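A.B. asks: Numbered according to this note's numbering, the sequence shown spans residues 122 to 319.
Glycine included, C-beta positions come from ideal geometry on N, C-alpha and C.
Predicted model, so just to flag it, every value in this text is computed and none were measured.
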Amino acid sequence: MDVAEQSLIGLIWAAIEAKDWKTALSLLEDGISVMPDSLYLFQLYADMLIDELQDMEAGCLMLRKFVRLAIEKDSKDWLLGAMHQLFDSSHDYSRFPFGERLSMGKALSEHILTLCQWENAHSRAEYYQAMAYFFHEIGNNVVAVELFEMTVTLVKGLPIQDELKQLARLLKTLKRVAFIQPHKKFRHSVTEKRPPRR
Numbered sequence: 122m123d124v125a126e127q128s129l130i131g132l133i134w135a136a137i138e139a140k141d142w143k144t145a146l147s148l149l150e151d152g153i154s155v156m157p158d159s160l161y162l163f164q165l166y167a168d169m170l171i172d173e174l175q176d177m178e179a180g181c182l183m184l185r186k187f188v189r190l191a192i193e194k195d196s197k198d199w200l201l202g203a204m205h206q207l208f209d210s211s212h213d214y215s216r217f218p219f220g221e222r223l224s225m226g227k228a229l230s231e232h233i234l235t236l237c238q239w240e241n242a243h244s245r246a247e248y249y250q251a252m253a254y255f256f257h258e259i260g261n262n263v264v265a266v267e268l269f270e271m272t273v274t275l276v277k278g279l280p281i282q283d284e285l286k287q288l289a290r291l292l293k294t295l296k297r298v299a300f301i302q303p304h305k306k307f308r309h310s311v312t313e314k315r316p317p318r319r
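1. Can you find the residues in the same chain that come closer than 6 Å, C-beta to C-beta, to L217, ignoring five residues on each side of it along the sequence?
2. State buried or exposed for A139, treating a residue as buried only when at least 16 other CB atoms are found within 10 Å of its CB.
3. Taking only the alpha-carbon atoms, compute the straight-line gap between T274 and E126 and give it to the nearest angstrom.
4. Can you name the start and end residues of the alpha helix (DSSP H) that G226 belongs to?
5. Where does the unbroken alpha helix (DSSP H) through E270 begin, and where does it stop?
6. Can you give the Cα-Cα distance for N97 and M156, rounded to whole angstroms?
7. Measuring only the C-alpha atoms, how far is Q206 from S196?
8. Between which residues of its own chain and W142 is the CB-CB distance below 8 Å, once the five residues before and five after are set aside?
9. For the alpha helix (DSSP H) that contains S147, what are its first and last residues?
10. Which class does A135 belong to by DSSP, given the choice of helix, strand or coil?
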């Protein structure tokens, strides 16, 4: 993140904290137009539209663009960022068209699957975990558990034993949620690496 982007983000957060949404949106739109490779600005823009303003129409257009760019860029950070933006339970999508999320999640998952064969174990684990949350969200808990089990298998032997223990606990929880309480939402990733939220 360069100095110009840091300065812009500071101005955006000042507007957000003052609840000056018009200024914040204007700054975000200007920032994205001049810094189209800033994943953080896209995430922040989507957060504001969906969570703060609850503008589902604008949010849907924004997320479509986000997903399209993630696929075009063929970037792990962007693909994971888009998946987490769509299926992280910290966001309230109760008023968002479910079919739109399903369509976007399917497009991302299909693209991710084509990349996995060339990725290292840790990257594949990150991808599988992100897809597990997608399948859990759409009610396909059997596939979600299988993907999560693959995640645990992939990170075994890697120098991240604390993460492995946490993943094992999360897998146990996901199995319980998937087969005993299928309606309950489950989240919390230990392998995802999102840009820091302020």
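C.D. replies: Let me spell this out:
1. Position check: residue 217 holds Phe in this sequence, whereas Leu was assumed. Once the five neighbours on either side are set aside, the close Cβ partners of F217 are M177.
2. exposed
3. 38 Å
4. F219 to C237
5. N262 to V276
6. This structure leaves residue 97 out entirely; the chain is present only between 122 and 319.
7. 15 Å
8. A136, M169, E173 and L174
9. W142 to V155
10. helix
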